[in-house]
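If you read the sequence shown in full-length UniProt numbering, its first letter stands for residue 1, the second for the next number, and so on.
One structure is given below, encoded as structure tokens.
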Amino acid sequence: MLITDTYPPDINGVSRSLSTFATGLADCGHVVEIITTLAAGDGEPEPLKRHVVMAMPLPGYPGLRIGISTTWQMQARFEEMKPDVLYVATETPLGIASIRAAAKMGIPVVSGFHTNFQSYLEDYHLPGLETVAQGMLRSIHNQTARTLTPSADTAAMLERWGIQNVGVLGRGVDTDLFSPARRSEALRRSWGADEKTPVAIYVGRVAAEKNLPLLMRAFAAFREVHPRAPCVVVGDGPRLKSLQAEHPECIYTGAKRGTELAECYASGDVFLFPSSSETFGNVVLEAMSSGLTTVAYDYAAPRLVIQHGQNGWLAPFEQEEPFLQTTREAAKSWDNSAVRAAARQAASDYGWKRVIQQFEGELQTAIDSKKNMSGM
1 MLITDTYPPD INGVSRSLST FATGLADCGH VVEIITTLAA GDGEPEPLKR HVVMAMPLPG
61 YPGLRIGIST TWQMQARFEE MKPDVLYVAT ETPLGIASIR AAAKMGIPVV SGFHTNFQSY
121 LEDYHLPGLE TVAQGMLRSI HNQTARTLTP SADTAAMLER WGIQNVGVLG RGVDTDLFSP
181 ARRSEALRRS WGADEKTPVA IYVGRVAAEK NLPLLMRAFA AFREVHPRAP CVVVGDGPRL
241 KSLQAEHPEC IYTGAKRGTE LAECYASGDV FLFPSSSETF GNVVLEAMSS GLTTVAYDYA
301 APRLVIQHGQ NGWLAPFEQE EPFLQTTREA AKSWDNSAVR AAARQAASDY GWKRVIQQFE
361 GELQTAIDSK KNMSGM
């Protein structure tokens with residue numbers, strides 16, 4: 001059973017990954033049910049059984065919700081559903097109540113650390129609370145059998161906090177969906193680009209934690225090399241309206257999904273990703289699979305996948321001037337077909353099948369360990 005506050009039709013990297021985990025397990029023959037905060041969208045297929053709980057909006061973040069439940073309410077649900085194992089993906093009242101209810105009932109729990117919310121506190125004008133947040137997260141995750149996170153960088157951070165039994169569960173990419181073959185000259189023309197004009201593109205939430213000021217400076221650095229280059233922002237979020245007002249020179253597509261999202265990626269040339277708060281960074285794999293040259297900080301997914309100067313560009317972590325200089329270098333070689341082909345090849349090594357098999361194994365280990373403890 002999957003417990004999460006975010007799931008499609010939410011559009012973000014966590015919801016997409018969780019959907020892939022759930023459908024992947026179902027394809028392996030498992031019965032998967034989801035407890036979340038939002039019903040499926042109108043007309044959307046719903047291959048898995050979904051249970052919707054009461055929720056409230058996440059303050060300062062329109063479009064996202066926090067699930068509200070109590071331990072006894074989750075106990076009642078679990079008594080009816082009889083899950084073999086829980087995967088708790090979000091550290092909210094819904095997740096905490098689920099962990100406590102499972103403990104009372106002897107149900108094994110694996111948790112996921114998907115989002116660096118504690119690092120967002122300063123961005124949302126709550127400085128000084130990071131240590132408190134770390135303590136809360138440590139308390140939550142140490143009640144579970146295993147905590148899974150997408151990258152070795154994040155796993156090391158969690159271990160420094162004192163979280164036990166941390167494992168790395170990577171991410172994959174659908175290389176059929178995210179492909180250079182989806183490049184659209186019509187879309188590029190609508191952005192004001194031709195075959196000799198590169199497009200700089202960002203895909204992701206338009207939110208404070210994504211380092212938007214540096215993104216805008218990087219767009220400007222790109223235009224130092226190519227003054228006519230369109231700079232495209234694909235995504236939605238709490239900062240979208242203010243960013244549009246402050247930087248009307250950019251193109252804003254709003255949120256995209258599926259083939260429309262893949263077409264946007266493939267129609268770009270250089271993917272700029274200045275965020276320094278990712279647990280992984282799924283968009284990096286999607287951009288590289290689409291044949292784009294990527295500029296990113298040297299950590300998480302970029303460190304894992306990008307070989308500097310060969311299939312993309314890396315800048316020292318959280319160093320803005322080197323990031324801007326790296327952007328200029330990438331702009332000068334935007335049409336290097338060897339780099340773009342190498343990016344596509346690197347991404348092709350990260351299919352979802354291996355990730356799903358590892359996830360299945362982690363859940364089975366938690367079940368077996370609980371049975372062994374019960375039989376002692």
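Glycine residues also receive a C-beta, built at the ideal position from the N, C-alpha and C atoms.
Presumed contact (8 Å Cβ cut-off) between residue i and residue j, rounded CB distance
| i | j | result |
| --- | --- | --- |
| A207 | R257 | With a Cβ gap of about 17 Å, A207 and R257 do not count as contacting. |
| F271 | T294 | 5 Å |
| S289 | A341 | Contact doesn't hold; Cβ gap of about 12 Å is too wide. |
| P8 | A26 | Not quite, the Cβ-Cβ distance comes to about 14 Å (not below 8 Å), so this is no contact. |
| I68 | M81 | Not quite, the Cβ-Cβ distance comes to about 19 Å (not below 8 Å), so this is no contact. |
| V88 | T154 | Going by Cβ atoms, the distance from V88 to T154 rounds to 17 Å, so no, they are not a contact pair. |
| E33 | M74 | Contact flag wrong, Cβ pair sits at about 13 Å. |
| I11 | A255 | 5 Å |
| residue 393 | E209 | Residue 393 lies beyond the range of the chain shown here (1 to 376); nothing can be said about it. |
| A266 | G291 | 7 Å |
| T90 | D5 | 4 Å |
| P198 | H226 | 6 Å |
| E360 | C28 | 6 Å |
| W313 | I251 | Their Cβ separation, rounded to whole angstroms, is 22 Å, which puts W313 and I251 out of contact at 8 Å. |
| G172 | G351 | 5 Å |
| V110 | L148 | 6 Å |
| F280 | A301 | 5 Å |
Residues that DSSP places opposite residue i in a beta bridge
| i | result |
| --- | --- |
| L314 | A296 |
| M56 | I66 |
| S111 | V88, T147 |
| A200 | C231, V270 |
| E33 | K49 |
| Y252 | V233 |
| L2 | I34, Y87 |
DSSP three-state assignment for residue i, whether helix, strand or coil
| i | result |
| --- | --- |
| G258 | helix |
| Y7 | coil |
| H308 | strand |
| Y61 | coil |
| G167 | strand |
| R205 | coil |
| V284 | helix |
| C28 | coil |
| Y265 | helix |
| T326 | helix |
| K104 | helix |
| V339 | helix |
| N116 | coil |
| P213 | helix |
| Q75 | helix |
| K353 | helix |
| S369 | helix |
| F178 | coil |
| V225 | helix |
Cβ neighbour criterion (16 or more within 10 Å) applied to residue i
| i | result |
| --- | --- |
| C231 | buried |
| N211 | buried |
| S259 | A small correction: the amino acid at residue 259 is Thr; Ser does not occupy that position in the sequence shown. Answer is exposed; the Cβ neighbour count stays below 16. |
| D349 | exposed |
| R354 | exposed |
| V305 | buried |
| R228 | exposed |
| G162 | exposed |
| P248 | exposed |
| W334 | buried |
Distance, residue j Cα to residue i Cα
| i | j | result |
| --- | --- | --- |
| V53 | V284 | 32 Å |
| R146 | Q164 | 8 Å |
| C264 | R100 | 43 Å |
| H114 | R16 | 12 Å |
| Y202 | V233 | 5 Å |
| residue 380 | L158 | What the structure shows of the chain is the stretch from 1 to 376, and residue 380 is not part of that stretch, so it cannot be assessed. |
| F273 | R303 | 13 Å |
| R77 | Q310 | 52 Å |
| T365 | A103 | 17 Å |
| R205 | N372 | 43 Å |
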